[in-house]
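Participant: In the order they appear, the protein sequences are chains W, U, D, B, X, R, E and H.
According to our numbering, the first sequence is numbered sequentially starting from 12.
According to our numbering, the second sequence is numbered sequentially starting from 12.
According to our numbering, the third sequence is numbered sequentially starting from 12.
According to our numbering, the fourth sequence is numbered sequentially starting from 12.
According to our numbering, the fifth sequence is numbered sequentially starting from 12.
According to our numbering, the sixth sequence is numbered sequentially starting from 12.
According to our numbering, the seventh sequence is numbered sequentially starting from 12.
According to our numbering, the eighth sequence is numbered sequentially starting from 12.
Protein chains: 8
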Amino acid sequence: MLNEIEISRAIIEEAIKDLLHNLNGEVVIAGGGPSGLIAAAYLAKYGHKVAIFERKLSTGGGVWGGGMLFPRIVIQEQAKKILNESGIKVKKRGSLYVSNSIEVVAKLTSRVIDAGAQIFNGISVEDVLIRQEKVCGIVINWSAVEIAQLHVDPITVGARFVVDATGHAAELCHIVQNKVGKLLTPSGKIEGEKSMWAEEAEKQTIENTKEVYPGLYVSGMAANAVFGGPRMGPIFGGMFLSGEKVARLIHKRL
Amino acid sequence: MLNEIEISRAIIEEAIKDLLHNLNGEVVIAGGGPSGLIAAAYLAKYGHKVAIFERKLSTGGGVWGGGMLFPRIVIQEQAKKILNESGIKVKKRGSLYVSNSIEVVAKLTSRVIDAGAQIFNGISVEDVLIRQEKVCGIVINWSAVEIAQLHVDPITVGARFVVDATGHAAELCHIVQNKVGKLLTPSGKIEGEKSMWAEEAEKQTIENTKEVYPGLYVSGMAANAVFGGPRMGPIFGGMFLSGEKVARLIHKRL
Amino acid sequence: MLNEIEISRAIIEEAIKDLLHNLNGEVVIAGGGPSGLIAAAYLAKYGHKVAIFERKLSTGGGVWGGGMLFPRIVIQEQAKKILNESGIKVKKRGSLYVSNSIEVVAKLTSRVIDAGAQIFNGISVEDVLIRQEKVCGIVINWSAVEIAQLHVDPITVGARFVVDATGHAAELCHIVQNKVGKLLTPSGKIEGEKSMWAEEAEKQTIENTKEVYPGLYVSGMAANAVFGGPRMGPIFGGMFLSGEKVARLIHKRL
Amino acid sequence: MLNEIEISRAIIEEAIKDLLHNLNGEVVIAGGGPSGLIAAAYLAKYGHKVAIFERKLSTGGGVWGGGMLFPRIVIQEQAKKILNESGIKVKKRGSLYVSNSIEVVAKLTSRVIDAGAQIFNGISVEDVLIRQEKVCGIVINWSAVEIAQLHVDPITVGARFVVDATGHAAELCHIVQNKVGKLLTPSGKIEGEKSMWAEEAEKQTIENTKEVYPGLYVSGMAANAVFGGPRMGPIFGGMFLSGEKVARLIHKRL
Amino acid sequence: MLNEIEISRAIIEEAIKDLLHNLNGEVVIAGGGPSGLIAAAYLAKYGHKVAIFERKLSTGGGVWGGGMLFPRIVIQEQAKKILNESGIKVKKRGSLYVSNSIEVVAKLTSRVIDAGAQIFNGISVEDVLIRQEKVCGIVINWSAVEIAQLHVDPITVGARFVVDATGHAAELCHIVQNKVGKLLTPSGKIEGEKSMWAEEAEKQTIENTKEVYPGLYVSGMAANAVFGGPRMGPIFGGMFLSGEKVARLIHKRL
Amino acid sequence: MLNEIEISRAIIEEAIKDLLHNLNGEVVIAGGGPSGLIAAAYLAKYGHKVAIFERKLSTGGGVWGGGMLFPRIVIQEQAKKILNESGIKVKKRGSLYVSNSIEVVAKLTSRVIDAGAQIFNGISVEDVLIRQEKVCGIVINWSAVEIAQLHVDPITVGARFVVDATGHAAELCHIVQNKVGKLLTPSGKIEGEKSMWAEEAEKQTIENTKEVYPGLYVSGMAANAVFGGPRMGPIFGGMFLSGEKVARLIHKRL
Amino acid sequence: MLNEIEISRAIIEEAIKDLLHNLNGEVVIAGGGPSGLIAAAYLAKYGHKVAIFERKLSTGGGVWGGGMLFPRIVIQEQAKKILNESGIKVKKRGSLYVSNSIEVVAKLTSRVIDAGAQIFNGISVEDVLIRQEKVCGIVINWSAVEIAQLHVDPITVGARFVVDATGHAAELCHIVQNKVGKLLTPSGKIEGEKSMWAEEAEKQTIENTKEVYPGLYVSGMAANAVFGGPRMGPIFGGMFLSGEKVARLIHKRL
Amino acid sequence: MLNEIEISRAIIEEAIKDLLHNLNGEVVIAGGGPSGLIAAAYLAKYGHKVAIFERKLSTGGGVWGGGMLFPRIVIQEQAKKILNESGIKVKKRGSLYVSNSIEVVAKLTSRVIDAGAQIFNGISVEDVLIRQEKVCGIVINWSAVEIAQLHVDPITVGARFVVDATGHAAELCHIVQNKVGKLLTPSGKIEGEKSMWAEEAEKQTIENTKEVYPGLYVSGMAANAVFGGPRMGPIFGGMFLSGEKVARLIHKRL
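1. Pick out whichever of Trp153/W, Gln188/W, Val191/W and Ile141/W has its Cα sitting closest to the Cα of Ala170/W.
2. Could you tell me whether the Cβ of Ile27/W comes closer than 8 Å to any Cβ of chain D?
3. Measure from the C-beta of Ile18/X to each C-beta in chain B and report whether the shortest distance is under 8 Å.
4. Name the residues in the stretch 48-79 of chain H whose C-beta lies less than 9 Å from a C-beta of chain W; which are they?
5. Please decide whether Phe81/E counts as near chain R, where near means a Cβ-Cβ distance under 8 Å.
6. Given a threshold of 16 other Cβ atoms within 10 Å of its Cβ, counted over all protein chains shown, does His59/U qualify as buried or as exposed?
7. Any chance the CB of Asn95/X is under 7 Å from a heavy atom of the ligand NAP?
8. Answer with yes or no whether the minimum CB distance from Val191/B to chain U is below 8 Å.
9. Leaving out five residues on either side along the sequence, give the residues of the same chain with a beta carbon under 6 Å from the beta carbon of Leu107/X.
10. In whole angstroms, give me the CA-to-CA distance for Leu127/D and Ile99/H.
11. With distance defined between alpha-carbon atoms, name the residue in Trp208/B, Cys184/B and Pro241/B nearest to Gly199/B.
12. Can you tell me whether DSSP reads Ser97/U as helix, strand or coil?
13. List the endpoints of the continuous alpha helix (DSSP H) containing Ile254/H.
14. Hey, is the stretch 75-82 of chain R in contact with the stretch 159-166 of chain X, meaning 3+ C-beta pairs nearer than 8 Å?
15. Buried or exposed: Glu65/U, going by 16 or more other Cβ atoms within 10 Å of its Cβ?
16. Looking only at C-alpha atoms, which of Val223/D, Gln87/D, Asp175/D and Ser110/D sits nearest to Leu252/D?
17. For Trp153/E, collect the residues of the same chain with a Cβ closer than 7 Å to its Cβ; drop the 5 residues on either side in sequence, then sort them by chain order.
18. What residues from chain X crowd round Arg142/U, counting only those whose CB sits closer than 7 Å?
19. Could you give the C-beta distance for Val168/R and Leu54/R, rounded to a whole number, given that I count them as a contact under 8 Å?
20. Let me know the secondary structure DSSP gives Arg142/D once reduced to three states.
21. When you compare the CB of Asp175/W with every CB in chain H, is at least one pair closer than 8 Å?
22. On the three-pair Cβ rule with 8 Å, is the stretch 193-211 of chain H touching the stretch 25-41 of chain H?
23. Is the stretch 233-241 of chain H in contact with the stretch 214-225 of chain H, if contact means three or more CB pairs nearer than 8 Å?
24. Looking at chain U, is there any beta carbon in it that lies within less than 8 Å of the beta carbon of Gly249/B?
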């Protein structure tokens, strides 16, 4: 006979066990969009304990809707390898490749989980943990609490490295700028995303993927937002390669 | 050199080609939650032209949040096969199996796409198409239009069979009840979901998976909502088996 | 040195331990207003395992604001004993007694916890658990999820008896009426609260405190709402005595 | 027999064909208010490929409501010619001319379409496309997506020249100021609209109609907002003449 | 020199003169969508004093957005004449004709005004005027007052005949049903729109265009909503012919 | 020297003294619109202790905005006397009289206060007080509490007679109908307002001004709403005469 | 027989006649709170053509609610004369006088109208009219349009002097500061209200009542907000005297 | 017999008596969260007349929800004494102590009331009272008025010392900064809270508990927000000790 109470117990115990296990990790990634997912997949593959904290219930960020609700995304030759590895079908059109945006989210998410990284969804990052001028963790809360505007204190999660993969908003970088002050950018501040220029954006996203404050890396759209690169077009190659790069950079330091 | 205009063209042309191709299908499924996804996967596997129309941008319905935001779901022995086939890891706990709810969505969605079914996201079903007392299609619009409360007319999509996999809301059944009248239920009306009783719910969901009006099938939570079964607990075996059953029933008639 | 991670771990582990312990209790009370608090205090004093699930973060329901934001409440002679036992100061005015409404909430809540009952706050009751025409538990979710309108499944909590102490709304009784049908009221339905008449209301609240469906009791304002008694004035004697009575009735059956 | 599916196909194919055709145009105008419509009409008349992207479903901007919901607008002698050419009736009152504001929108819109320009409605401009310090296109999305606050990426539309005809808001100029920096205004920034002075405003609107950044022109109310002219009264002569002027200026460079 | 005060005076006097002139008309049409516009155009052509009261600032109802934001509409052969007369371009596709939805609104609106009918926009119809069981006018208010939820009384406009051209909502018919009771429908009540079936809908819309209560006619989508015809597809032939028919029917009685 | 604390004390003490004095009155009027104000003025003139409780901060109900925001109201010959007595200027137009709607509110309110009645503003009536099938008071709360959706209990105010002068909404009658059941109307229920017919409405409003449940009278628009009279036009004679009549009726019984 | 159409005509014609008459006045006052009302009363008494434009439907600003919803206000000896002249009862308490806040609004409003000033309610001031660095009018729109966020252009009203009596917000001064720049304050900018100090505030309000930009005066709370005086307590003497002073100052220049 | 009117009278009179008594106190505390409650408890114990004004209906601030809705809080050894004195149970875990967050609120609140301090709930602090550069009171209003956005003036409460215990927001300090200017902080401005570092935060909160402007003290989270200390983790020792310290500091000066 099915026992509802045992079902409740199983769900809570299994979920809490993983949360407790990840309260202190090697790498914590804020944001489960494309660059966050790929960063997690590579970091886990390299053998690290890595967790993604995503504000929404679903992963994938802005990928689901493709371009203007037409559910397709485009990538260039260089990033094709990452889609191939993830089992995502690509269709060649001239020098570009087109994929189903829904498939992209589903398969990158599957890949992250299969690689052994944990995804915690429905959780917002409210602050970072700083000790002696180094980011060493994040401060989290249920997104539902945030949306419902309840007055509830957050809890903390420790990590050796934190990745800001929150897209345009570059949320963690804004927190650090507001609370700590100086970032490792030319002006010491968030430079702000420039207008769209796909080719330049693709290049610069990868260049701008780096440490922005001791212990804090930036990847994907957040990289251009913080270091002043152009906005990306509805093309995701740079985003994927940025995720791969941030994983490589952090791997070297662990 | 990357050409933004070619990117736009690629995205629009590829997405519209698939939409036009699916304007007239064999089976149209309203709702990309667990039973809708599984129904689509099996129907596509059986060789049919099938499309899911999902209101949100993400598939997976209520699965993402597991139970009460603890991202795990529970299934019984009988439904284990479906998770196995989809490559979803299960963990045994007594007579139950626990899975990561995020993995469940990602891998079921991947499976649907790999099987050849199309998923159209961000699209609401506003009405059904009826000819001579048979449902023969659906009437769709962008969900964004609906949320933004714009006054914009919908367009139509034809199909030999339509599946209402919209969960508790049983949206298509409500439309048919309001506009046409009599359903194939004991009272001729939507019976309404009963209070939770996991064991009974699991059994009845499968029994209640059937044709509810000529051309219109009901699956998953919508089945119990329409035929008066109990609410399901945070256990998804019945939902998965319901999706499989509706695919089998429709396959026989195609 | 203070370790943030240990703080997180302590908070989660202690809270979850109590939640798991209460997944299957003797009595579950929906609503932490005055009648729910008193019912819990007495039931715990009688030695039973009892838990309150309260939608808001704070207990006390409508007591905080006294009458029309003047933070005082009034009780009659008969209920004075309950305030005295709880250490709440009362001031005599003619045949009435006046207390500070904030003190009433604080001390009743303290009493409940000291008596050994558990209070779970920020949790909504979405449904009841029914087996063979008997209520045997409740179905819960975070209130934040409800307010934020996220699509997340609930979990279940079992109990031998459930008390609907949700005030005017009589929420559990409405669920049972909508999903199951017949209640143990004269009409078999929720009779609806009548217009205010303090004296009658006080008397009837206590009379109406009883079992309203197998396994489900009703207390406080919900009792008059369900059995058709008058609305109570800003006087709380009947509410307190109702809480005491429901505890006594259930105690006899455990 | 009427075939719903053929209707859907006809609508989608015809609309998408025009969208694809206009992904790369000569002139793109943001805003379908009076100056945008007139600019489009003249540019199309001069033989250019021109498209208007309008955020609302309806064209006409603030003209519909006349002054304070009294549906009449006023123009001076100099602009009478433009209304005459468009077949709009004018009524002389002293030195002024009064027209029905609804007729103005309807006939200007008809004229634009008859002249061969395309109007895309329900579409917001989110960003501009910049290459080597020249605006060379716009970045668009459904307005419904914007209103519904969905997270969906935009697509791009190329053009040799872009006109900011978005009224007071001067939306494109704000984007360029925020993302690129220096404009071709006295201060290098948006100067801000001054208080109302009809006569001066009418004159200055026309003077201020010019290139504000390489590739980007400004017309109508946006011209005064950007170059610091006074706010226009409920008189539209300057607005119409500004639309004509911007068309002339761009025509010379094509 | 431009005198702002003279501008204000011109706008108010001209608009109020037309409003006062139309306080007592022959025909008042509620709703400036396609059937209302065409009805007005024909009635004015037949020489009657006719006014449209439209809730929004723009005319055209749901036509602007075409089907699902693709700005094209489809008509059949029979209604082509009405578009031709209005100067609207049509493109043949099989047995159907496609037009630009923006052009349709602009040119129908122009035609109405040129024919001599008045359009009052931004005005809601709150009630009808009834004397001795005959509708003899409407009760109006600013839509802005309605949206802003201000408590402001309406004023009245008299007419020998009133047309409910408010689309699906059939607003005037609902008012009459709620306040007066019996309509001239089979059940005496609003029958409610049925599910979509384009061909039947087109036919029935025209049949259902008739008097629904003494003095009150119904046209366009409202006709099917009231007399129980199917929902129209994104095809507008029936709507146009319904507008023409209602004009003919009323003309005979004036 | 000005002492802020003395100012606070003066305000609170004076206001509370009047509230306490009116906790038990002869007549309580719900609604400070035109019929409520006039009823209060006459009752106070007849020497009775009377209090108005008005939900908004301002008295005057829908009079302020005149008709459709044109701040004038119209009355007939019969009601002229009431305006004259109140010092309100009237302007003759044919058989009608026009007044400034702002002046009407200001002077009726002044008259009520000068006559010795109390007005309590910003207070909502949540329920009535009933003893032995007779209304004998009202249950009040701050409107701010209601708007802010705070959970705060109300307090009670006693009276020998209560007048429902809440306009269309007939709020007290709805409460009595929902909680008690039978009203003294033909059907025993609220009959509902009929469509507008100024002449009939004016007559019937006065006829319908009577006792609708023991202890509860109805006046002004509420009278027609409850007894099924037509909606009034933007003419206020009947409303004023209704206020005078209800005062006369109650005066006879005190 | 009552003719609804004549009622409509009477309301519109009478209201519009007064609006047209006041399109060009001597003094225009923005805000119908206490200082605006008193300023209007004195200016009209001095024989000038004066109009108040008030955003809300009701006059009286924040006076209605007294202090913290206790409907009483306090004044000092010096301002008693103004209440006496207006027929408002005052009650002596020590050195202070207390009045009924509702009576204050009603009688000041009556006084303004009897003195011959016009009040236009439900109208917002969007901008000022400036010619050669002098304010010479205001730019108005329906408040309903503003609340409903409709895109509708305003109209203009001319005046030799304009008074900003908009309270804390000092709305016109903010417009002038933002659009023109320098004000006649010590810093050339709005200084901002200081924290509450009743005695100082009372004194300074009167001192600060002066011309703040050529053609623009400031009175009441706006005076302290602009010239940096302290916030007033719930005492209105200074406000009343400020209204009287601004009238005197402007009278001298007319 | 129960008399509703006597109940109303008892509630109002008792509540108002206490409010009047506290219009002029020794210490006024803005905010009834943990540091405010403890400050009040100690100040009352030291024999001072102290009142808390709390915006919400419930006291306890963010404590109710524990950490991330897990209702437990953590403290260190040093603060254990305060919990012990309050009768709050603590559970040792390593060097930390865990308590039930609901119990903490209930018992601290009880302690405050038993110590003789008054708590006024549902009241917002809008401004401070300043005389000769010293804070000497606060300006209050119903929170319901604030939430409902009604335009109602506040009243004032005097005190020799004011404590800003409003948490992160440091509301009173912001008011003083905006209205007065210079604070007693290093920069003369609010320094802003730094990122989380539990150990440092705990220490600095206590250090930062001091006078921030003559007459105004700051305690708890507000102390770190104003003096630039790190954000506290979900650990409350520092908060409690800060409340104790502010009481001690003020006690010395009374």
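Just so you know, even glycine gets a beta-carbon here, dropped at the ideal spot from N, CA and C.
Facilitator: Reading it off the structure:
1. Measuring C-alpha to C-alpha distances from Ala170/W to each of Trp153/W, Gln188/W, Val191/W and Ile141/W identifies Ile141/W as the nearest.
2. With 8 Å as the cut-off, Ile27/W counts as an interface residue toward chain D.
3. True, the Cβ-Cβ gap to chain B drops below 8 Å.
4. Under the 9 Å Cβ criterion, the stretch 48-79 of chain H contributes Lys67, Gly72, Gly73, Val74, Trp75, Gly76, Gly77, Gly78 and Met79.
5. Look at Phe81/E: its C-beta is under 8 Å from a C-beta on chain R.
6. With 16 or more neighbouring CB atoms inside 10 Å of its own CB, His59/U falls in the buried class.
7. The model on display carries no ligand, and the ligand NAP is accordingly not part of it.
8. False, the Cβ-Cβ gap to chain U never drops below 8 Å.
9. The answer, listed in chain order, is Val85.
10. Sequence inspection shows Gly at residue 127/D; the Leu mentioned does not correspond to that position. Rounded to whole angstroms, Gly127/D to Ile99/H spans 13 Å at the Cα level.
11. Checking every option, the nearest Cα to that of Gly199/B belongs to Cys184/B.
12. Taken through DSSP and simplified to helix, strand or coil, Ser97/U comes out as coil.
13. It should be pointed out that residue 254/H corresponds to Gly in this sequence rather than to Ile. Here the alpha helix (DSSP H) through Gly254/H covers Gly248 to Arg264.
14. These segments touch.
15. Looking at its Cβ environment, which holds 16 or more other Cβ atoms inside 10 Å, Glu65/U is buried.
16. Comparing Cα-Cα distances from Leu252/D to each of Val223/D, Gln87/D, Asp175/D and Ser110/D, the minimum goes to Gln87/D.
17. Within its own chain, the residues whose Cβ lies closer than 7 Å to the Cβ of Trp153/E, once the five positions on either side in sequence are excluded, are Gly133 and Ile134, listed in chain order.
18. Within chain X, the residues near Arg142/U are Trp208.
19. The C-beta distance from Val168/R to Leu54/R rounds to 16 Å, too long to meet the 8 Å contact threshold.
20. Three-state result, Arg142/D: strand.
21. Not one chain H Cβ lies under 8 Å of Asp175/W.
22. They do not touch, by the three-pair rule.
23. Short answer: they touch.
24. Chain U contact via Cβ: absent.
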